[in-house]
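So the sequences go chain by chain: A, B and C.
If you read the first sequence in this note's numbering, its first letter stands for residue 182, the second for the next number, and so on.
If you read the second sequence in this note's numbering, its first letter stands for residue 25, the second for the next number, and so on.
If you read the third sequence in this note's numbering, its first letter stands for residue 3, the second for the next number, and so on.
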Amino acid sequence: MPVLKTYKDLPSTPVTFYSTESNKTGTWRTIRPILDESKCTRCYICWKFCPDLSVDVAKEGDFPSIDYDYCKGCGVCANECPSDAIHMEKEAHK
Amino acid sequence: MIEIRLHGRGGQGAVVASEMLARAAVRDGMHASAFPFFGVERRGCPVTAFCRIDDKPIRIHAGIYEPDYVIVLDPGLMALVDVFQGLKPEGKILINTTRSREDLTIKAHNKVVIVDATGIALKHGLGSETAPIVNTAIIGAFVKMFPKISIDSLLESVREAAPVKKEENASAARDAYEITKEV
Amino acid sequence: MIEVMTSNYAAAHGARLSKVEVIAAYPITPQSSISEKLAEMSVKGELHGQYILVESEHSAMSLLIGASYVGARTYTATSSHGLALMHEMLYWATGARRPIVMTIVSRAMAPPWNIWGDQMDVIGERDTGWMQFFCENNQETLDTTIMSYRIAEDRSVMLPAMVIEDGFILSHTFEAVDLPDQDDVDDFLPKFNPELKIDFNDPRRFGGLVMPDWWSEFRFRIAQDMEDAKKKIIEVDKEFEKKFGRSYGGLVEFYNCDDADVILALAGSAVGTAKHVSDKMRERGKKVGVVKIKTLRPLPAEELTKLNDMVPVVGVFDRSFNFGHGGGIFSEIRNGIYTPGGGLLTKNYVGGMGGRDFTPKHMEWVFEDLLRIKKEGKVDRMIEWIPLRDGTGRWY
């Protein structure tokens, strides 16, 4: 990334040269979802509803897994799960 | 520079006629500009079209108020519209009619040339009795009055710009050209 | 090849010859025959690019910005309320640095509803950052369209351009136009090759948020590039003349100005009428000159300041009125002319709006008025609407 000092260092229009993958929004969390696989029926409703694409399903038939790098802790998955397999926990501070 | 004004009814082809005259003039090495009276139109409504022709480039972008020639495609219009308004004192008139100059009420003292464009058009199957397409015939007659445009250029332009029946339109123009005499 | 056609068809041919790749246009009088002609060309296979139907002018501009981001040469045309509907996207096209070329067939804004020629629609878009080029005749419309791509797509410019023709007065008038050969245009116009564009193999994001700490610098770059465009415009005009034999002066054209007593500045189709009248008056010993404003944006201030040394009186004709201290073009020209201490007298003539005819007689009246001002050494009133109904109901 170039160091910006004056207008001459700018591209002609705002453009980003990196992907949002480098922006780990997991650090925004104050509560985190925990999945209890014993209760999970693999309906994948949590995967469908996650607004952040932070619930991964590697292949059909697998249990969903939460991607804690990006999960913002909004709680929609816990709210929507029909089997109450997800509950929200306070984020532990490191 | 000469200025021509054409009067017709919507659907008779007055605007296409002005375009054909411009094309013919350009073919003959002159400069021309043709345009309709910019307005909303419907079939049967009086339509006015204009054409300027000059040996030098035409730069005026405004209407024509004192034409050198007035061409009347539909004589019935003379009762509705003052088709001769602004006509220059030495200007000439061309009217599509079968009647003679004496029979017509023409509120102008200018030279009048008459051609039965309707008859010629119908003879070549252009339009119908109630709605004859007289434009190509009448400009064929006009070119007789204005020999700076050659009849050959006019016929080429007619073939180029006529949307349908190109040969019939060209024949109508040629017939009118041949038949017209300056009255 | 010489063909007799309207300015609208000339614009359509200009787009075709420029090998535009994406066209999205919504019809509006008096632009409709451009869309129709392009659609006809598309169906006949004469058009290199794709013609896409959209549901509004706003959508048309949005679509073109997207297409331009991918590296396509784009084109559209509109008038009046269509242009106004695109207004927010015009700012976007500028900020996104997309060299879209758009024909504006200028028409009055409503109400009162009016379909005829007037320049208020384009005067209202001066602030968007689009370049604005005015055309005097049909040939110029075609030539300017081709030149605009060359100017706009240059990496030192990368700004969109409006090519403006007066509604009906040019758009529906048949004039002889010399259609250049496709090969010659291909030589003159290289393929569009933007520095920044969407590439799926190299994904990036465009048009994102910029905080106050850097926003002004982006804006400054656009201002700089708009200023630099002046040089490019003159350069492209000279190259066009070398290739096709026709020149329009680039920014302005001085006509009959060399030893003029007074000068009238104006833009659009009325320039032709002004030149015609200027020649006729010169034959009678009246030394009147004409400045043709071909480019309004970027404003050719350097050329306009020359007027201070040429004449004591400059009139400006506006084919619109935007309720300022004088009309739009008048304000721009006064600003361009301005030198501290300069004593140049200026007067604004407003007319020909909503399709009202501005005839050689009116033009002559304006020149005579300017000569009178020169003689008396003062301006009677800053703005004169001519013609205007005088109470007897007659106006010409």
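We put the CB at the ideal spot given by N, CA and C, even for glycine.
Rounded Cβ spacing between residue i and residue j (contact assumed at less than 8 Å)
i: ALA13/C; j: GLU167/C; result: 7 Å
i: ALA145/B; j: ALA155/B; result: ALA145/B to ALA155/B, Cβ: 10 Å. No contact.
i: THR197/A; j: GLY210/C; result: 6 Å
i: LEU118/B; j: PRO91/B; result: About 11 Å separates the two Cβ atoms, so there is no contact after all.
i: ILE331/C; j: VAL292/C; result: Not really, about 14 Å apart at Cβ, beyond 8 Å.
i: GLY356/C; j: ASN139/C; result: 22 Å between Cβ atoms; not a contact.
i: ALA86/C; j: MET104/C; result: The Cβ separation is near 13 Å, so there is no contact.
i: ASN310/C; j: GLY338/C; result: Incorrect: roughly 11 Å between the Cβ atoms, too far for contact.
i: ASP263/C; j: VAL290/C; result: 7 Å
Proximal residues to residue i (C-beta, below 6 Å), its chain only, five neighbours per side dropped
i: GLU23/C; result: GLY51, ALA74 and ARG75
i: ALA69/C; result: VAL24 and THR76
i: VAL184/A; result: none
i: TYR398/C; result: Confidence at TYR398/C is low in this model, with a pLDDT of 43, below 50, so the placement of that residue is unreliable and no value is reported for it.
i: MET102/B; result: none
Status (buried if at least 16 other CB within 10 Å, exposed otherwise) for residue i
i: ILE215/A; result: exposed
i: ALA185/B; result: buried
i: GLU305/C; result: buried
i: PRO342/C; result: exposed
i: TYR199/A; result: exposed
i: HIS278/C; result: buried
i: LYS205/B; result: exposed
i: SER235/A; result: buried
i: PHE244/A; result: exposed
i: MET63/C; result: buried
i: LYS380/C; result: exposed
i: ASN297/A; result: Here chain A has residues from 182 to 275 only, and residue 297/A is not among them.
i: ASP186/C; result: exposed
i: PHE136/C; result: buried
i: ARG99/C; result: buried
i: ILE3/C; result: One detail in the question is off: residue 3/C reads as Met in this sequence, not Ile. Per the 10 Å Cβ criterion, exposed.
i: THR222/A; result: exposed
i: GLY247/C; result: exposed
i: ALA239/A; result: exposed
i: ARG207/C; result: exposed
i: LEU30/B; result: buried
i: SER152/B; result: exposed
i: LYS234/C; result: buried
i: VAL64/B; result: exposed
Close Cβ partners of residue i (< 7 Å) along its chain, the five nearest in sequence each way excluded
i: ARG51/B; result: SER177, GLU180 and SER181
i: ASP371/C; result: none
i: PRO232/A; result: CYS255 and VAL257
i: ILE247/A; result: PRO214, LEU216, SER235 and VAL236
i: TRP94/C; result: ILE67
i: LYS131/B; result: PHE108
i: TRP118/C; result: ARG109, ALA110, GLY169, PHE170, GLY356 and GLY357
i: ARG210/A; result: CYS252, LYS253, GLY254 and GLU272
8 Å CB neighbourhood of residue i in its chain, flanking five on each side removed
i: GLU192/B; result: HIS148, GLY149 and LEU150
i: ARG18/C; result: LEU40, MET43, GLU48, LEU49 and HIS50
i: ASP392/C; result: none
Residue i beta carbon near the ligand FMN (any heavy atom closer than 8 Å)
i: GLU180/B; result: Here there are no bound small molecules, and the ligand FMN is not part of this structure.
Chain D contact residues for residue i, given Cβ-Cβ distances below 7 Å
i: GLU177/C; result: Absent from the structure is chain D; the protein chains it does hold are A, B and C.
Listed from N- to C-terminal order along the chain, which residues in the segment 137 to 171 of chain C have their beta-carbon within a distance smaller than 7 Å of any beta-carbon of chain B?
PHE170 and ILE171
Interface residues of the segment 64 to 94 of chain B facing chain C [CB-CB below 8 Å]:
VAL64, ILE82, ARG83, ILE84, HIS85, ALA86, GLY87 and TYR89
Where are the alpha helix (DSSP H) runs, 4 residues long or more, that stay fully inside the segment 59 to 137 of chain C, in chain order?
59 to 71, 82 to 87, 89 to 97 and 122 to 125
For a minimum of 3 consecutive residues, which ranges assigned as the beta strand (DSSP E) are wholly contained in the segment 22 to 53 of chain C?
24 to 26
Could you pull out every unbroken beta strand (DSSP E) segment of at least 3 residues lying fully inside the segment 314 to 346 of chain C, listed in chain order?
315 to 320
What are the start and end residues of each continuous alpha helix (DSSP H) run of 4 or more residues lying completely inside the segment 139 to 193 of chain B, in chain order?
141 to 147, 159 to 169 and 175 to 185
With a floor of 3 residues, list each beta strand (DSSP E) that falls wholly inside the segment 148 to 217 of chain C, ordered by position along the chain.
163 to 168 and 176 to 180
Jot down the residue ranges of each uninterrupted beta strand (DSSP E) in the segment 227 to 305 of chain C, minimum 3 residues, whole runs only, in chain order.
254 to 257, 264 to 268, 290 to 295 and 297 to 299
Which ranges does the alpha helix (DSSP H) cover as unbroken runs of at least 4 residues, wholly within the segment 191 to 266 of chain A, from first to last along the chain?
226 to 230 and 257 to 261
Write down every uninterrupted run of the beta strand (DSSP E) in the segment 74 to 98 of chain B whose length is 3 residues or greater and which is fully enclosed by it, in chain order.
93 to 96
Interface residues of the segment 48 to 61 of chain B facing chain C [CB-CB below 8 Å]:
VAL50, HIS55, ALA56, SER57, ALA58, PHE59 and PRO60
Quick one, which residues of the segment 29 to 45 of chain B are near chain C if we go by CB-CB under 7 Å, in chain order?
GLU43
Please name the residues in the segment 192 to 212 of chain C whose beta-carbon is closer than 7 Å to at least one beta-carbon of chain A, in chain order.
LEU198, PRO205, ARG206, ARG207, PHE208, GLY209, GLY210 and VAL212
Contact list for the segment 184 to 211 of chain A against chain C, Cβ threshold 9 Å:
LEU185, THR187, TYR188, LYS189, ASP190, LEU191, PRO192, SER193, THR194, PRO195, VAL196, THR197, PHE198, TYR199, SER200 and THR201
Taking only beta carbons into account, state which residues of the segment 85 to 113 of chain C come closer than 8 Å to chain A, listed in chain order.
GLY97, ALA98 and ARG99
Chain A contacts from the segment 51 to 84 of chain C (Cβ-Cβ distance under 7 Å):
none
Positions along the segment 296 to 328 of chain C whose CB lies within less than 9 Å of some CB in chain A:
none
Can you pull out the residues from the segment 217 to 229 of chain C whose beta carbon lies closer than 7 Å to at least one beta carbon of chain A?
GLU219, PHE220, PHE222 and ARG223
Taking Cβ-Cβ distances below 8 Å as the criterion, which residues of the segment 347 to 374 of chain C are in contact with chain B?
GLY357, ASP359, PHE360, THR361 and PRO362
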